[in-house]
Amino acid sequence: MSLKLEHVSYMYGSDTTLAVRALCDINLEIPDGQFVGLIGHTGSGKSTLVQHLNGLLAPTQGTVTYNGRDIWGKDFPKKELRSKVGLVFQYPEHQLFEVDVFSDVCFGPKNLGLPKEEVEARAMRALKLVGFPEEYYKQSPFELSGGQKRRVAIAGVLAMQPEILVLDEPTAGLDPRGRDEILGQIAHLKEETGISVVLVSHSMEDVANYVERIIVMSGGRILFDDAPRKVFGHVRELEEVGLAAPCVTYILHRLREKGYLVDTGATTVLEARDTILEALRKKRGEERHRC
Amino acid sequence: MLRDITLGQYYQTDSILHRMDCRVKLVATLVYIISLFLVDNIWGFAVAAVFLAVCIRLSKVPFSFMVKGMKSIAFLMLFAVVFNLFLTPGKPVVAFWKLRITDAGIRMAVQMAVRLTLLIIGSSLMTLTTTPNHLTDGMESLLKPLKKLKVPVHEVAMMTSIALRFIPILMEETDKIMKAQIARGADFESGNLIQKARAMVPLLVPLFIAAFRRANDLAMAMEARCYRGGEGRTKMKPLVYRRNDYIAYGVLAFYLAAVLAVGRFMPI
Amino acid sequence: MNIIETAHVSYDYIRHDEEGNVEGCTRAVSDVSLSVRQGEFIAILGHNGSGKSTLAKHINALLLPTEGTVFVDGKDTGQEENIWEVRQSAGMVFQNPDNQIIGQVVEEDVGFGPENMGIPTKEIWERVEESLRAVGMYAYRKHSPNKLSGGQKQRVSIAGVLAMHPKCIVLDEPTAMLDPNGRKDVIRAARALNDVEKVTVILITHYMEEVIYADRVFVMDGGKVAMQGSPREVFSQVDRLKQLRLDVPQVTLLAHELQKSGLPLPDGILTVDELTEELGKCL
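Protein chains in written order, with the numbering used here: chain A, 312 to 602; chain B, 3 to 270; chain C, 11 to 293.
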């Protein structure tokens, strides 16, 4: 199972004189079971890219293949692709419409034409995976808190049992605890199901704790595509395109300049703590040596 | 895509018509439309067409833009022409089955076609040279006398202008909701009429909820900025007639006299 | 003099069932007393549902307290005849940038407030220009708001309030829907208002990095003020903040972790510079 983009370019309004290039020669593969962060500021092309993953937009140039088959080929089942590559948009308000949470989550699998029992079993499983409390299954989705709405929206896509789950800004508008909870839940469901997850965000700090690979987009191109610690090493380049490395990266770089032997590749607070303690110990040792 | 639809399509450039007071343009459009219905011979239409051609020239808007406006209502026009062509009583010219085309029918159909073409190009010239908020401002000002009759002129103008501002936002929102539901396997295209109508529910519910939320927020934001209706409000851009506007009124009066003289009272 | 003075303010949201009968009520704000001096930069923190936005709407008389009183610039918001003066002296910027811009052109939107106040045309133009310059949006005055980025729209909203010459601006989560760049621009504009124009700013947010410049911070929880003090005082209580569903800036968190591991660092470190300096002392 893999999704592959080769030389993908996309122009908005390509048939008019006002064509705007949104993507430019994107090459990228999403293999099984990977946790990927897709980062870029507004207008970097990340939202456009995401819509190519499940065939909502067709590339102006290049190909998108799923398991080796061109998704824009004549007889490719587009609907099936959308169930295999699940896309959750930024605002849950854009998809919630049913009278209660459970029916809303059933909408996706029902569209796949599954029998009723299967639909309900899938909805149940999806709601469990996102940690949505069972006593609220019959509640109207519009009366939920922001965090719970988001869970229902994710469950609504999970219920189609995708192999790749793409989440566009799943933490927008949540408070810090809400953000940590939802990210934790996503990490948990990834572990549980073994599917690939693509987390779209403009916050490095959010994704640094979870993902194993980061793709940085800027001006419609892929700027970096590597492990987090490698990507954050390019502090200056990131700043040039209006992104910032996590705050700890800055601290570590500053300490390094001051002569502490810290590992500047640490990306989380806990990693940073360890490397600072280690460096301090070394430095103390040195000083003692000198005396 | 939905966002490509432009409503009240304003063409940004600088011309005499663009700078003209919107009230003049509104009155002129109205007068022009009325004149089209008072005229009933070819010379009258010729005068009207020349007048319009001069205005288009003055507006610096490319003619292709006007034609674009025509496309969308081509069907309506065809309908009006066919209707007149077949259903006007008179001396039959061609007859087959139950349908007859009469000489009067042909005349009426041609007249209707010319009339509608001029009417649509004429009014689109107004929307192309006037921003939507100038339009609402102009309407508010022209309809002011109705206030005495308790017609909420200011409120209607404010609502229109808010609606115009939110149309593109709601269009974009519709687009996003559609995509979110398509991503969940929704199908807005296939199926019969009933199935299609059913398929709209997942689109319309979020859209309405979003629209109500926006309305609520906006009302609060307006109140917070001391909005309390038209009473005691001043204007940042008050409408003032300038010399050119008076001249325009003069030209308009001259046009009306000319077109009536030629198109209605002059025997052919 | 205190620009804002609230005394024992409580507010109940009343829920109605489908027939319009009272079903129950939720206390969103509970016994809040606080005062803000003219020219201060105040931050109100709190998780979603902590009552911070409800409290903010009292300052603009959009909501009236169920119990207690709110005085803005010496005027009781509960008095009907004060409402418009209160709204003029305490302006408000909301969360969603799209839902508060009324005009179809940037400058017309900024002129909306002064128009409502009955300011003469010539002065409206002066105020619009001043305000747009103050937030750095003058170059965009002829643009359509739909073509602007989220951060730019919020700055236009701030200018719209500024043009009403308020003594105080309440920013109700102005950055919640923005990306990091937009967030920075808006906060910069808010700080400039406070520094240069001497407008009292009340910033409501749940982004910790935005409050480190505030003079005082209030943390709300369950409708009550749970913590208050200078940013340093508040951020020194990392565990308490976590309990209240909030974060601390990453620097502060790192310092806190190092402290727990036995390094003799002071509480409430707020910037990278402070941390590197303090680490130097640890050797």
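The beta-carbon is built from N, C-alpha and C at its ideal position, and this holds for glycine as well.
Since this is a predicted model, take the numbers as computed values, not measurements.
>> What does the alpha-carbon distance come out to for the pair Trp99 (chain B) and Phe77 (chain B)?
In response: In the second sequence, counting from the first residue as 1, residue 99 (chain B) sits at position 97. In the second sequence, counting from the first residue as 1, residue 77 (chain B) sits at position 75. Their backbone Cα atoms lie some 24 Å apart in a straight line.
> Taking contact to mean at least 3 C-beta pairs separated by less than 8 Å, is the stretch 532-549 of chain A in contact with the stretch 168-175 of chain C?
Replying inline: Taking a contact to require three or more Cβ pairs closer than 8 Å, the stretch 532-549 of chain A and the stretch 168-175 of chain C do not qualify as touching.
>> Buried or exposed, going by whether 16 or more other CB atoms sit within 10 Å of the CB of Cys274 (chain B)?
In response: In the structure as shown, chain B starts at 3 and stops at 270, and residue 274 (chain B) therefore has no counterpart that could be examined.
> Helix, strand or coil: how does DSSP classify Ile587 (chain A) here?
Replying inline: Start at 1 with the first residue of the first sequence, and residue 587 (chain A) comes out as number 276. Residue state, collapsed to three classes: helix.
> Does the distance from the CB of Tyr561 (chain A) to the CB of Ala590 (chain A) come in under 8 Å?
Replying inline: Along the first sequence, read from residue 1 onward, the residue named residue 561 (chain A) stands at position 250. Along the first sequence, read from residue 1 onward, the residue named residue 590 (chain A) stands at position 279. Tyr561 (chain A) is not a Cβ neighbour of Ala590 (chain A), given a cutoff of 8 Å.
> In three-state DSSP terms, what is Gly101 (chain C)?
Replying inline: In the third sequence, residue 101 (chain C) corresponds to position 91, counting from 1. Looking at Gly101 (chain C) - three-state DSSP - the assignment turns out to be strand.
>> Within 10 Å of its beta-carbon, does Phe190 (chain B) have 16 or more other beta-carbons around it, so buried, or fewer, so exposed?
In response: As a first step, residue 190 (chain B) must be located in the second sequence, where it is residue number 188. It counts as exposed.
> For Ser193 (chain C), which option in C:Ala200, C:Gln164, C:Thr185 has the closest C-alpha, if you only look at C-alpha atoms?
Replying inline: In the third sequence, residue 193 (chain C) corresponds to position 183, counting from 1. As written in the sequence, residue 193 (chain C) is Arg, which differs from the Ser given in the question. For Arg193 (chain C), the nearest C-alpha among the options comes from C:Thr185.
> Taking Ile179 (chain B) as the reference, which of B:Ala159, B:Ile164, B:Thr162, B:Met202 has the closest Cα?
Replying inline: Taking the first residue of the second sequence as position 1, residue 179 (chain B) is located at position 177. Looking at the Cα atoms, B:Met202 is the closest of the given residues.
> First and last residue of the alpha helix (DSSP H) that includes Glu547 (chain A)?
Replying inline: Along the first sequence, read from residue 1 onward, the residue named residue 547 (chain A) stands at position 236. The residue asked about is misnamed: residue 547 (chain A) is Arg in this sequence, not Glu. Looking at the DSSP string, the run of the alpha helix (DSSP H) that includes Arg547 (chain A) is 546-551.
> Does DSSP classify Lys62 (chain C) as helix, strand or coil?
Replying inline: What you label residue 62 (chain C) is simply residue 52 of the third sequence in a count that begins at 1. Lys62 (chain C): helix per DSSP, three-state reduction.
> What does Asp219 (chain B) reach in chain C if we use C-beta pairs closer than 9 Å?
Replying inline: Reading the second sequence from its first residue, position 217 is the one you call residue 219 (chain B). Those within 9 Å of Asp219 (chain B) in chain C are Phe104, Gln105, Asn106, Asp108, Asn109, Gln110.
>> Looking only at its chain, what residues have a beta carbon closer than 8 Å to the beta carbon of Ala106 (chain B), apart from the 5 residues adjacent to it on each side?
In response: To locate residue 106 (chain B), count along the second sequence from 1; it is residue 104. Correct list, in chain order: Thr90, Pro91, Gly92, Lys93.
> What residues are listed by DSSP as bridge partners for Ser20 (chain C)?
Replying inline: Counted from its first residue, the third sequence places residue 20 (chain C) at position 10. BP columns for Ser20 (chain C) point to C:Glu77.
>> I'd like the ranges of any beta strand (DSSP E) spanning at least 3 consecutive residues and lying wholly in the stretch 433-498 of chain A.
In response: 475-479
> Of the choices C:Met102, C:Leu55, C:Gln110, whose alpha-carbon is the least far from that of Ala221 (chain B)?
Replying inline: Translated into positions along the second sequence, residue 221 (chain B) becomes position 219. Ranking the options by Cα distance to Ala221 (chain B), first place goes to C:Gln110.
>> Does Arg186 (chain B) come out as helix, strand or coil in the three-state DSSP assignment?
In response: Mapped onto the second sequence, residue 186 (chain B) falls at position 184. It is coil, neither helix nor strand.
> Roughly how many angstroms separate the alpha carbons of Arg5 (chain B) and Pro170 (chain B), rounded to a whole number?
Replying inline: In the second sequence, residue 5 (chain B) corresponds to position 3, counting from 1. In the second sequence, residue 170 (chain B) corresponds to position 168, counting from 1. With a pLDDT of 38 at Arg5 (chain B), under the threshold of 50, the modelled position of this residue cannot be trusted; read the value that follows with caution. Going from the Cα of Arg5 (chain B) to the Cα of Pro170 (chain B) covers about 7 Å.
> In the stretch 581-592 of chain A, which residues sit with their C-beta less than 8 Å from some C-beta in chain C, listed in chain order?
Replying inline: Leu581, Ala583, Arg584, Ile587, Leu588, Leu591
>> Give me, in chain order, the residues of the same chain whose beta-carbon lies closer than 8 Å to that of Met3 (chain B); leave out the 5 immediate sequence neighbours on both sides.
In response: For the purposes of this step, residue 3 (chain B) is taken as the residue at position 1 of the second sequence. Unreliable positioning characterises Met3 (chain B) in this predicted model, as indicated by a pLDDT of 36, which lies under 50. The coordinate reading is nonetheless provided below. Asp177.
> With Glu225 (chain B) and Leu72 (chain C) assumed to form a contact (beta carbons below 8 Å), what rounded beta-carbon distance in angstroms separates them?
Replying inline: Counting from one through the second sequence, the residue named residue 225 (chain B) turns up at place 223. Counting from one through the third sequence, the residue named residue 72 (chain C) turns up at place 62. So it is a contact: roughly 7 Å between Cβ atoms.
> In chain order, which continuous runs of the beta strand (DSSP E) of length 3 or greater are located wholly inside the stretch 70-149 of chain B?
Replying inline: The stretch 70-149 of chain B contains, as complete beta strand (DSSP E) runs of 3+ residues, the segments 94-98, 101-104 (chain order).
>> Please give me, in chain order, every unbroken run of the alpha helix (DSSP H) with length at least 4 that falls completely inside the stretch 121-163 of chain C.
In response: 131-144
> Are the beta-carbon atoms belonging to Leu478 (chain A) and Val511 (chain A) less than 8 Å from one another?
Replying inline: Position 167 of the first sequence holds residue 478 (chain A). Position 200 of the first sequence holds residue 511 (chain A). For Leu478 (chain A) and Val511 (chain A), yes; Cβs fall inside 8 Å.
> With distances taken between CB atoms, is the gap from Pro481 (chain A) to Leu256 (chain C) smaller than 8 Å?
Replying inline: Translated into the one-based positions of the first sequence, residue 481 (chain A) becomes position 170. Translated into the one-based positions of the third sequence, residue 256 (chain C) becomes position 246. No, Cβ-Cβ distance for Pro481 (chain A) and Leu256 (chain C) is not below 8 Å.
> When DSSP labels each residue in this structure, what does Ala53 (chain C) get in the three-state scheme?
Replying inline: In the third sequence, counting from the first residue as 1, residue 53 (chain C) sits at position 43. If DSSP states are grouped into helix, strand and coil, Ala53 (chain C) belongs with the strands.
>> My assumption, with CB atoms under 8 Å, is that Ser99 (chain C) sits in contact with Val80 (chain C). Please give the rounded CB distance.
In response: Locating residue 99 (chain C) in the third sequence gives position 89, where the first residue counts as 1. Locating residue 80 (chain C) in the third sequence gives position 70, where the first residue counts as 1. Contact flag wrong, Cβ pair sits at about 12 Å.
> Can you give the Cα-Cα distance for Ala260 (chain B) and Met72 (chain B), rounded to whole angstroms?
Replying inline: Walking along the second sequence from the start, residue 260 (chain B) turns up at place 258. Walking along the second sequence from the start, residue 72 (chain B) turns up at place 70. Between Ala260 (chain B) and Met72 (chain B), the C-alpha separation is close to 27 Å.
> Relative to chain C, which residues along the stretch 7-35 of chain B have a C-beta separation below 8 Å, given in chain order?
Replying inline: none
> Rounded to a whole number of angstroms, what is the C-alpha to C-alpha distance between Val41 (chain B) and Leu262 (chain B)?
Replying inline: As a first step, residue 41 (chain B) must be located in the second sequence, where it is residue number 39. As a first step, residue 262 (chain B) must be located in the second sequence, where it is residue number 260. Each residue's Cα considered, the two are about 7 Å apart.
> What span of residues does the beta strand (DSSP E) with Met528 (chain A) cover, start to end?
Replying inline: Looking up residue 528 (chain A) in the first sequence gives position 217. Start and end: 524-529.
> Leaving out the 5 sequence neighbours to the left and right, which residues in its chain are closer than 8 Å to Ile179 (chain C) when beta-carbon positions are compared?
Replying inline: Your numbering for residue 179 (chain C) matches position 169 in the third sequence. So the list reads Ala100, Gly101, Met102, Val103, Ile168, Val171, Leu172, Ala200, Leu203, Val209, Thr210, Val211, Ile212, once near-sequence residues are dropped.
>> For the stretch 148-163 of chain B, list every residue whose C-beta sits within 8 Å of some C-beta in chain C, in sequence order.
In response: Listed by position, the residues of the stretch 148-163 of chain B near chain C (Cβ gap below 8 Å) are Ser163.
> Since Ile54 (chain C) and Met230 (chain C) are thought to touch, with beta carbons under 8 Å apart, how far apart are those beta carbons, to the nearest angstrom?
Replying inline: Start at 1 with the first residue of the third sequence, and residue 54 (chain C) comes out as number 44. Start at 1 with the first residue of the third sequence, and residue 230 (chain C) comes out as number 220. Sure, about 6 Å apart at Cβ, within 8 Å.
> Whose Cβ in chain B lies nearer than 8 Å to the Cβ of Ser394 (chain A)?
Replying inline: As a first step, residue 394 (chain A) is located in the first sequence; it is residue number 83 there, counting from the start. The contacting residues are Gly187.
>> Against chain C, with Cβ distances strictly below 8 Å, would Tyr229 (chain B) count as a contact?
In response: For the purposes of this step, residue 229 (chain B) is taken as residue 227 along the second sequence, with counting starting at 1. It does: the Cβ of Tyr229 (chain B) has a partner Cβ on chain C nearer than 8 Å.
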